[in-house]
Amino acid sequence: MSGVLKKIEKNPYQYNGEFTLLNSKNASNNLLEKKLYIESYGCAMNFSDSEIVASVLSKNGYRTTNIVEDAELILLNTCSIREKAEQTIRKKLEKFNSLKKSNKHLKIGILGCMAERLKSKLIEEEKIVDLVVGPDAYKDLPNLIYKVEKGQKAINVLLSKDETYSDISPHRLNSNGVNAFISITRGCDNMCTFCVVPFTRGRERSRDPQSII
1 MSGVLKKIEK
11 NPYQYNGEFT
21 LLNSKNASNN
31 LLEKKLYIES
41 YGCAMNFSDS
51 EIVASVLSKN
61 GYRTTNIVED
71 AELILLNTCS
81 IREKAEQTIR
91 KKLEKFNSLK
101 KSNKHLKIGI
111 LGCMAERLKS
121 KLIEEEKIVD
131 LVVGPDAYKD
141 LPNLIYKVEK
151 GQKAINVLLS
161 KDETYSDISP
171 HRLNSNGVNA
181 FISITRGCDN
191 MCTFCVVPFT
201 RGRERSRDPQ
211 SII
């Protein structure tokens, strides 16, 4: 498993206050909002990363939706630990073909380990894909999406020796307001036989304790 996640508890009443604040902001900027649909596959780290992605894009006018047909941007946060995991993503892309044909403004991106492993090959093999982004490049998403909106394909799969996203407050997805995960480390230095994680997640690095507490 890549990285370490720490489970934390949160007061549900505090969450309710946060939810109200988000709704207030959304109401005032309703005309400027774009809708993001994001699906996560694989380990808990991917689900945690999707909350980082949602936070990054919320600052650029995107609000998450659970209805894929309403989305202007679809992101699949992928796993590459087994071949079956990648086949699942390819089958999902086949289902999105009809959505792409009916909505010319729809953009589709692949995030995570499959993106990191296949890189530009993924765009070549799956014509429906507009952008490919590795686990350490999520802060670059606004720039990449801008390129896609200008009619280009976009890719950033650069791995980092120090990126931990410790400066980003996750946007909780599908939260019950009580439990959440916070990442403590990213990457892996153990070159285990047949394991792709060190190549898709990079070297192990830890967050500063103060950013966790």
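Here the sequence shown is numbered in the UniProt record's numbering, starting from 1 and rising by one per residue.
Built from N, CA and C at the ideal position, the CB exists for glycine as well.
Bear in mind that the values here come from a model prediction, so they are computed numbers and not experimental data.
Separation of the CB atoms of residue 166 and residue 207 is rounded to 5 Å, and the pair is thereby assigned contact status at 8 Å.
Beta bridge pairing from DSSP links residue 99 with no other residue. The C-beta of residue 171 has 16 or more other C-beta atoms within 10 Å across all chains shown, which makes the residue buried.
Beta-carbon to beta-carbon, residue 135 and residue 189 are separated by about 16 Å, too far to satisfy the 8 Å threshold.
Between residue 130 and residue 107, the C-beta gap is smaller than 7 Å, which places the two residues in contact. Rounded to the nearest angstrom, the gap between the Cα atoms of residue 196 and residue 87 is 16 Å. Per DSSP, the unbroken alpha helix (DSSP H) holding residue 52 starts and ends at 44-58. Residue pairing from DSSP leaves residue 143 without any beta-bridge partner. In the three-state reduction of the DSSP assignment, residue 82 falls in the coil class. Pairing residue 52 with residue 184, the inter-Cα distance amounts to about 14 Å.
In the three-state reduction of the DSSP assignment, residue 88 falls in the helix class.
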